[in-house]
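Quick note: the sequence shown uses this note's numbering, first residue 3, plus one each step.
C-beta: ideal position from N, C-alpha, C; glycine also.
This report concerns only the one structure given below.
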Amino acid sequence: AYVVLAPFVGDLADAMPKGRLMMAMNGVKVVGVLALLAGLNPLLALAVVGVGAAAYAPAKYGLVTELVAPRLLVAANGWIEVTTVCAAVFGAALGGLLISPWLAAAFSAGSAPLVPAAHAAVAAGGAWTPGTLALCLLLALYAAAATLNLGIPDSGARYARQDRRLKAMAAGFWRAQRRLWADDLGALSMAVTTLFWGAAAVLQFAVLRWATEVLGLPLNQGAYLQAAVAVGIVAGAVGAGRWVSLAQAHRVLPLGVLMGVAVPLAAQVGEWWLAVPALLLVGALGGALVVPLNALLQHRGHLLLSAGRSVAVQNFNENASVLLMLGVYAGLLVLQLPVRTLMSGLGLVVGLCMALLWWHRARLRPAAAAAVCATTPPA
Numbered sequence: 003a004y005v006v007l008a009p010f011v012g013d014l015a016d017a018m019p020k021g022r023l024m025m026a027m028n029g030v031k032v033v034g035v036l037a038l039l040a041g042l043n044p045l046l047a048l049a050v051v052g053v054g055a056a057a058y059a060p061a062k063y064g065l066v067t068e069l070v071a072p073r074l075l076v077a078a079n080g081w082i083e084v085t086t087v088c089a090a091v092f093g094a095a096l097g098g099l100l101i102s103p104w105l106a107a108a109f110s111a112g113s114a115p116l117v118p119a120a121h122a123a124v125a126a127g128g129a130w131t132p133g134t135l136a137l138c139l140l141l142a143l144y145a146a147a148a149t150l151n152l153g154i155p156d157s158g159a160r161y162a163r164q165d166r167r168l169k170a171m172a173a174g175f176w177r178a179q180r181r182l183w184a185d186d187l188g189a190l191s192m193a194v195t196t197l198f199w200g201a202a203a204v205l206q207f208a209v210l211r212w213a214t215e216v217l218g219l220p221l222n223q224g225a226y227l228q229a230a231v232a233v234g235i236v237a238g239a240v241g242a243g244r245w246v247s248l249a250q251a252h253r254v255l256p257l258g259v260l261m262g263v264a265v266p267l268a269a270q271v272g273e274w275w276l277a278v279p280a281l282l283l284v285g286a287l288g289g290a291l292v293v294p295l296n297a298l299l300q301h302r303g304h305l306l307l308s309a310g311r312s313v314a315v316q317n318f319n320e321n322a323s324v325l326l327m328l329g330v331y332a333g334l335l336v337l338q339l340p341v342r343t344l345m346s347g348l349g350l351v352v353g354l355c356m357a358l359l360w361w362h363r364a365r366l367r368p369a370a371a372a373a374v375c376a377t378t379p380p381a
């Protein structure tokens, strides 16, 4: 959804107050969960949720650039990254709890439902199960999120009305792509974030396989190692938000090289108690790298394009990278490549690419470097 809808959701985010759109998209997610409860094919129901998420992101991140001064943008992105990663970790933990064997046993033993009103609502559709409870809690979370959206202030930013024909919107999106990639700082920051999120998606799956095959952990304990990476990202994001300014964003590029080197070293570890600090380090380097460059990308995109469209361009590139790199990962699994070799290769490719980007940054003309904190679009 992020890739396919990217040419259209950016203009949608710029066409109305972003808090109102965020509330509407939480409503779309509610519809997707209700479809799951009603028995719709899960793939179709989750596609509905994906539509809501794809339109939500340009409004959320675009609003930040409208509300926050450039000098505070790195700190704002740091806190967004912290809350997003914490929510993902907490959500995975809650999901694991809701499908845990003891909860399933409690339901099969005929214990009373934890949410009587929801139980009554779904009683006609079949037996109450932990899965039903999970979906009802998800409905409550989306409803709470939509309610919180009511408190989001209107930034007052308004943009020229765009042609609403699909062909014209798609053409405008590709023009925006070319413009952001043609900008020295925009291209640099987008290359880093695109590479980072694609590699992070592969690492998420590789760590699980590494935990079971090399460290001998069961699958649920392997998930704790994923959490270690997430905690490291939180720590790195907090540090970057506190100590790195927008004008210094390019100076974190060496951390990308270190992260690339740290992944192969972590892959050689054979004990879980050594794996945890190694993955914490990988996550911390990644968080400190991506937050300042994400802020720089949002700032340049806001100046060159518009808040919503620039985030849509960013989402397209990052999620296309995720799809591509997961496809390569799946192909390597078919070839039965050892997981240590796979992780080492991933780290070395990331480190090499980051080194090339670091070298490219050193060659940027002074005028481009001075434009980092510009508050008006370049001529």
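- Comparing alpha carbon positions, the residue from Leu7, Ala49, Gly80 closest to Pro60 is Leu7.
- By the neighbour-count criterion, in which a residue is buried when 16 or more other Cβ atoms sit within 10 angstroms of its Cβ, Leu326 is exposed.
- DSSP places Pro256 within a helical segment (H, G or I) once states are collapsed to three.
- Closest in alpha carbon position to Leu299, among Ala17, Leu187, Leu350, is Leu187.
- Runs of the alpha helix (DSSP H) lying entirely within the region 324 to 353 and spanning at least 4 residues: none are present.
- As the crow flies, the alpha-carbon of Ala239 is around 19 Å from that of Gly64.
- With respect to the C-alpha of Val216, the residue from Val352, Val341, Glu83 having the closest C-alpha is Val341.
- Rounded to whole angstroms, the gap between the alpha carbons of Leu69 and Ser157 is 6 Å.
- The beta-carbon separation of Ala242 and Val254, rounded to 7 Å, stays under the 8 Å limit for a contact.
- Taking all protein chains shown into account, Phe175 has 16 or more neighbouring C-beta atoms within 10 Å of its C-beta and is therefore buried.
- Straight-line spacing of the CA atoms in Ala159 and Gly310 works out to 11 Å.
- In the three-state DSSP reduction, Gly34 falls in the helix class (H, G or I).
- Here Trp183 has Ala189 as same chain residues with Cβ atoms under 6 Å from its own Cβ, once five neighbours each way along the sequence are excluded.
- When the five nearest sequence neighbours on each side are left out, the beta carbons in the same chain lying within less than 8 Å of the beta carbon of Leu99 are those of Leu105, in order along the chain.
- In the three-state DSSP reduction, Gly310 falls in the helix class (H, G or I).
- Secondary structure note for Asp16: its alpha helix (DSSP H) is the uninterrupted segment 8 to 16.
- Remark: three or more beta-carbon pairs, one from each stretch, lie closer than 8 Å, so the region 143 to 150 and the region 26 to 37 are flagged as touching.
- Contact check between the region 312 to 323 and the region 162 to 170: fewer than three CB pairs, one atom from each, fall below 8 Å, which does not count as touching.
- Each of Val330, Ala37, Met24, Thr67 was checked against the Cα of Phe207, and the nearest Cα belongs to Val330.
- In chain order, Val315 place their CB closer than 6 Å to the CB of Gln179, counting only its own chain and leaving out the 5 sequence neighbours on each side.
- A distance below 8 Å between beta-carbons, with the five flanking residues on each side excluded, links His362 to the following residues of its chain, in chain order: Leu190.
- Contact check for Ser323 against Trp199 passes: the beta carbons are separated by less than 8 Å.
- Taken through DSSP and simplified to helix, strand or coil, Tyr4 comes out as coil.
- In the structure shown, Asp156 adopts coil according to DSSP, grouped into three states.
- Within the same chain, no Cβ atom closer than 6 Å to the Cβ of Ala142 is found once the five residues on either side in sequence are excluded.
- Rounded to the nearest angstrom, the gap between the Cα atoms of Ala89 and Ala107 is 27 Å.
- Sequence-distant partners of Leu334 (beyond 5 residues in either direction) whose C-beta falls short of 7 Å from its own C-beta, in its chain, are Leu344.
- Per DSSP, Asp186 is one residue of the alpha helix (DSSP H) stretching across 186 to 215.
- In the three-state reduction of the DSSP assignment, Glu68 falls in the helix class, which pools H, G and I.
- The DSSP-derived three-state label of Leu219 is coil.
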